[in-house]
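Counting in UniProt numbering, the sequence shown runs from 1 upward without gaps.
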Amino acid sequence: MRKIIKQLWKNKHFWKNITLFCLSILIFFSGVGVFWIFSLKIPDFHSFEDRKVVNSTKIYDRTGEILLYDIHQDVKRTYIGFEDMGANIKNATVAIEDSEFYNHGGIRVTSIIRAVLSNIFGAGRTQGGSTITQQLVKNTLLTQKKTYTRKIKEWVLAIKIDRAMPKEKILEYYLNEAPYGGNVYGIEEASKTYFGKRALDLTLAEAAYLAAIPQSPTALSPYGKNRDKLEERKNLVLERMRDIKFISQAEYDAAKNEVVVFVPQATLGIRAPHFVFFIKDYLEQKYGSEMVEKGGLKVITTLDYDLQAKGEEIAKEGALQNEKDWNGKNTSIVALDPKTGQILTMIGSRDYFDKDIDGNFNVATASRQPGSSFKPFIYATAFNKGFTPDTVLFDLSTEFQTTCDPYGKALPGHSQGDCYKPDNYDGKYRGPMKLRDALGQSINIPAVKLFYLVGLKDALRVAEEMGISTLTDTNRYGLTLVIGGGEVNLLDMTSAYGVFANNGIRNPYTGILRIEDAAGNILEEYEPAPKEVLSKNTALTISDILSDNVARAPTFGANSVLYFPDQDVTAKTGTTNNNKDAWTLGYTPSIAIGVWAGNNDNIPMKKGGSAVAGPIWNKFMKEALKILPNERFEEPNLAVDPRVVKPVLRGQWLGGESFFVDKISGKLATINTPPETTEERVVTNVHSVLYWVDRNNILGPPPVNPEANPQWSHWEVPVQNWWVQNKNNYKNIVLSDKPREEDDVHTGGSGPVVTIREPNETQNYKQDEKIKLEIDSTGLFPLKKIDIFINDVYLGTSEPPFNFSFVPRELDSLKERNEIRVIFYDSAYNRGEVISFFTVLE
1 MRKIIKQLWK NKHFWKNITL FCLSILIFFS GVGVFWIFSL KIPDFHSFED
51 RKVVNSTKIY DRTGEILLYD IHQDVKRTYI GFEDMGANIK NATVAIEDSE
101 FYNHGGIRVT SIIRAVLSNI FGAGRTQGGS TITQQLVKNT LLTQKKTYTR
151 KIKEWVLAIK IDRAMPKEKI LEYYLNEAPY GGNVYGIEEA SKTYFGKRAL
201 DLTLAEAAYL AAIPQSPTAL SPYGKNRDKL EERKNLVLER MRDIKFISQA
251 EYDAAKNEVV VFVPQATLGI RAPHFVFFIK DYLEQKYGSE MVEKGGLKVI
301 TTLDYDLQAK GEEIAKEGAL QNEKDWNGKN TSIVALDPKT GQILTMIGSR
351 DYFDKDIDGN FNVATASRQP GSSFKPFIYA TAFNKGFTPD TVLFDLSTEF
401 QTTCDPYGKA LPGHSQGDCY KPDNYDGKYR GPMKLRDALG QSINIPAVKL
451 FYLVGLKDAL RVAEEMGIST LTDTNRYGLT LVIGGGEVNL LDMTSAYGVF
501 ANNGIRNPYT GILRIEDAAG NILEEYEPAP KEVLSKNTAL TISDILSDNV
551 ARAPTFGANS VLYFPDQDVT AKTGTTNNNK DAWTLGYTPS IAIGVWAGNN
601 DNIPMKKGGS AVAGPIWNKF MKEALKILPN ERFEEPNLAV DPRVVKPVLR
651 GQWLGGESFF VDKISGKLAT INTPPETTEE RVVTNVHSVL YWVDRNNILG
701 PPPVNPEANP QWSHWEVPVQ NWWVQNKNNY KNIVLSDKPR EEDDVHTGGS
751 GPVVTIREPN ETQNYKQDEK IKLEIDSTGL FPLKKIDIFI NDVYLGTSEP
801 PFNFSFVPRE LDSLKERNEI RVIFYDSAYN RGEVISFFTV LE
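Below, the structure is given as structure tokens:
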């Protein structure tokens, strides 16, 4: 046997066959291996460039500078190009992750062998096994499952990508995909998250910190417990950069010693949360959830963050004080620009994160009863129909349910619980009240009567056109609506009040200025959409009343939180039954502000609107006025034509037949009676307004049969009872009939006759000569005053004994030949004028 083995050992032909056999085996298994590798299902790397990168949507304030919130599901990312990354972060990343990045072909063979040996024998260091290209493949195209087949796919794809793409593009993709802790991905998002700046603006030290993180994003978090390890790795990054000549020794020393300040972690959350989620809901409804979560939208909102931040302070401070004083734990504030409809502030609760008060619930968009803050819409409807601020309605205890008698007792067969006899806030009744005073003082009974007169459908139509969106089912509401029986939300109410502020022009509220997609294309941009929904004069009339502190004072006091002495500011309060809701709304021409205060769970408070919501509204309005112009409302045209508007609508509540007298003669006024001595009077005939006004034709003639109105007796009985008890208080102005004779004091020939004696046409005057005006007059009544004009320029007014003089040189309108005109008035207000001429020489 040994001989045979020796012979074979010495036989060259035998060894040749053995060698060929081994080579065949090696070739066979190599072929099988290659076949196996190429048979692996490897993702198409070309899909890498075509795939949709997940970008987070960002919501900003109106400046586009303050980030309110970054919407995301699992990732916060902002994709940027290679040129926007800056050299520091590129070099730092290459130095620490793959120093041969620009030299290898996608993989490093020596690193692969070292990694294999380490896995087989447990020897050697494992770090450095993957190139940047391999990491890109691993992060984007392959699963995270660690298997040999996945590793082989990684090598193959890395080689393919390296051959197909320039190194700069590979590094760009890597830096946009790298993890930097939590849900922060990509270098731009990391730069903003940790340093509040763009990647392009990173310092060398800041870049070194960020390049250090991807190795172990959680363990190396700047906000974690291993800050020392992050510091060590940052220094390692700088050492590597120095060793491969990316930076000099001086740059290394400076960066190593640089004190880097990270953005405090507390500011990484959400700002103006109720507003943000209001915007997010809008975005999802319009663009879909996937687009919002992954589309990388840039949303520039209308929010004034400085005003919002100040409002949040005021809301929290005010609500905490209300909780202590009035048992009202929560509040909400909305502010918008009535000229554009843009929402400037939205605060849905005193603290979004306070679970004890359901702080994340947005009261600004929730349905609540408005109390008396709804009254201005009823009054606006009334003014549209012909009522005026001087119209008088009786504030008397009144039963409005027709199944009950005028005294509030249910008729046979009907329930006492159906009777409706509202009270005023103080339980008092004031008798005849002008609508101006009734609205200013927020008196309930005149408001309920007015609501009946204008009609439910018309009032709701006006409210809806102005922006109230929740009162759509007219069958649900009755007369209680005017004092808060329906449900509205603060955003709608503030927007609708903005229509008054904008002179009847509605601009629908919006929270969006501009929306861009990830590529910078504008998807949506604010465009004004003004629409006139209320006559200008009606809007101005409401503003005139709501800013009238005299009208408001009997209820709220002369120096209440509703009053701003040096500016035109309107205000209206509202309180619901049992003080469950407190409202204060108001505006200037440039801002409308609404405040709600109360408890989310409807627990009653101890006080109502002006006491609970008013102070918060006042403080916030003061802050807003600091940055707004001091604007005045235009004056409304409150003049009415007596021939068109009946006496009761003009405030003549003592009767319906009116006449005009001359106060001097006591006789009927004529066309010659001056306005100063003309006075309207009525033939006394006191009734409720239903006697004079047909609710279906307010400006038309009185109803032929007012008793047919179902409310007739309910309104008339209290009025007649009141008149019996109070008519003696009005005896000085009560007349049973009108005079038969006409004014004989003011007739065509009763006025004075006046002549100008000096200056005169027969004499020439010098420019520096003092000229004394001298006149002669005759008439039944002495002259009371004169107005002097020279060449149609007003010179002055003079009263007896008419010592008036002038120097020609001082006249701006001086000519050689000059006209002097004197308008004169006697003590009976007869009026006339006389003209003369005089000459002035050089």
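We treat Cβ as the ideally placed atom computed from N, Cα and C, and that holds for glycine.
Exercise. Who are the Cβ neighbours of R430 in its own chain at under 6 Å, not counting the five residues just before and after it?
Worked result: Short of 6 Å from the beta carbon of R430, and not among the five residues preceding or following it, lie these beta carbons of its own chain, in chain order: D395.
Exercise. For D694, which beta-bridge partners are listed by DSSP?
Worked result: Answer by DSSP bridge pairing, in chain order: N697.
For this session: Along the alpha helix (DSSP H) that carries P615, what are the first and last residues, could you check?
Result: Where P615 is concerned, the enclosing alpha helix (DSSP H) stretches over G614 to L625.
Exercise. Can you tell me the Cα-Cα spacing of Y407 and H714, whole angstroms?
Worked result: In a straight line, the C-alpha of Y407 is about 8 Å away from that of H714.
Exercise. Any idea if V499 is buried or exposed, counting beta-carbon neighbours within 10 angstroms, 16 or more meaning buried?
Worked result: Looking at its Cβ environment, which holds 16 or more other Cβ atoms inside 10 Å, V499 is buried.
Exercise. Is it buried or exposed for K772, if we count other Cβ within 10 angstroms and need 16 for buried?
Worked result: Answer is exposed; the Cβ neighbour count stays below 16.
Exercise. Roughly how many whole angstroms lie between the Cα atoms of E231 and Q135?
Worked result: In a straight line, the C-alpha of E231 is about 23 Å away from that of Q135.
Exercise. Residues in its own chain within less than 7 Å of I542 by CB, not counting five upstream and five downstream?
Worked result: Cβ within range, chain order: P376, Y379, A380 and F500.
Exercise. Between the Cα of R740 and the Cα atoms of E206, N183 and D662, which residue gives the shortest distance?
Worked result: Nearest of E206, N183 and D662 to R740, Cα basis: D662.
For this session: Could you say if the segment 427–443 and the segment 743–753 meet the contact criterion of at least three C-beta pairs nearer than 8 Å?
Result: Touching, no, given that fewer than three Cβ pairs across the two stretches are closer than 8 Å.
Exercise. If we count the other Cβ atoms within 10 Å of its Cβ and call it buried at 16 or more, is Y180 buried or exposed?
Worked result: It counts as buried.
Problem set entry | Among I593, E83 and S495, nearest to R198 - alpha-carbon criterion | Taking the Cα of R198 as reference, the smallest distance to any Cα among I593, E83 and S495 is reached at E83.
Exercise. What separation, rounded to the nearest whole angstrom, lies between the Cα atoms of Y587 and R271?
Worked result: Answer to the nearest angstrom: the Cα atoms are 26 Å apart.
Problem set entry | Simplified DSSP assignment, three categories, for G832 | G832: strand per DSSP, three-state reduction.
Exercise. For P264, is the beta carbon positioned less than 8 Å from some heavy atom of the ligand HEM?
Worked result: By its list of ligands, the structure shown contains no ligand whatsoever, and the ligand HEM lies outside what it can speak to.
Exercise. Hey, G511 and F361 are a contact pair by Cβ (cut 8 Å); roughly how many whole angstroms apart?
Worked result: With a beta-carbon spacing of about 18 Å, G511 and F361 fall beyond the 8 Å limit used to define contacts.
Exercise. When you compare only the Cα positions, how much space is there between L393 and N502?
Worked result: One C-alpha to the other measures close to 29 Å.
Exercise. Can the beta-carbon of A212 be found closer than 9 Å to that of I96?
Worked result: Yes.
For this session: On a CA-only basis, which of I616, F781 and P432 is nearest W723? Give me that one, please.
Result: P432 is the residue among I616, F781 and P432 whose C-alpha sits nearest the C-alpha of W723.
Exercise. Can you tell me whether DSSP reads F278 as helix, strand or coil?
Worked result: DSSP places F278 within a helical segment (H, G or I) once states are collapsed to three.
Exercise. So the beta strand (DSSP E) F246 belongs to, where does it begin and stop?
Worked result: Run containing F246: none; DSSP gives neither H nor E here.
Problem set entry | Pairwise C-alpha distance: N226 and residue 847 | It is not possible to answer for residue 847, since the shown part of the chain is limited to 1 through 842.
Exercise. Who are the near neighbours of V807 in its chain, counting only those whose CB is closer than 6 Å to its CB and skipping five residues on each side?
Worked result: Once the five neighbours on either side are set aside, the close Cβ partners of V807 are K770.
Exercise. What are the start and end residues of the beta strand (DSSP E) that includes A335?
Worked result: Segment N330 to D337, the beta strand (DSSP E) holding A335.
Exercise. Which residues share a DSSP beta bridge with R62?
Worked result: Under DSSP, R62 shares a beta bridge with no residue.
Problem set entry | Pairwise C-alpha distance: S495 and S535 | Computed Cα separation, rounded: 17 Å.
Exercise. Which of the three DSSP states, helix, strand or coil, is assigned to S372?
Worked result: In the three-state DSSP reduction, S372 falls in the helix class (H, G or I).
Problem set entry | Selected residue, minimal CA-CA separation from R650, among H104, G341 and G386 | Closest by C-alpha distance to R650, out of H104, G341 and G386, is G386.
Exercise. Start and end of the beta strand (DSSP E) containing R271?
Worked result: No beta strand (DSSP E) contains R271, which DSSP labels as neither H nor E.
For this session: Taking 8 Å as the threshold, find out whether the segment 549–560 comes into contact with the segment 446–454 through three or more Cβ pairs.
Result: The segment 549–560 is not in contact with the segment 446–454.
Exercise. First and last residue of the beta strand (DSSP E) that includes E758?
Worked result: It spans V753 to E758 - the beta strand (DSSP E) in which E758 sits, taken as one unbroken run.
Problem set entry | Limits of the beta strand (DSSP E) - the one that Q342 falls within | Its beta strand (DSSP E) spans residues Q342 to I347.
For this session: Whole angstroms is fine: what's the gap from G598's alpha carbon to P604's?
Result: Roughly 8 Å separates the two Cα atoms.
Exercise. Just to confirm, are T488 and Q369 a CB contact at a threshold of 9 Å?
Worked result: Here the sequence assigns Val to residue 488, which means Thr is not the residue at that position. Yes, they are a contact pair.
Problem set entry | A382 versus A582: straight-line alpha-carbon distance, rounded | Distance between the alpha carbons of A382 and A582: 25 Å.
Exercise. What does DSSP give as the partner residues of Y765 in its beta bridges?
Worked result: DSSP, once it has assigned bridges, lists V840 as partnering Y765.
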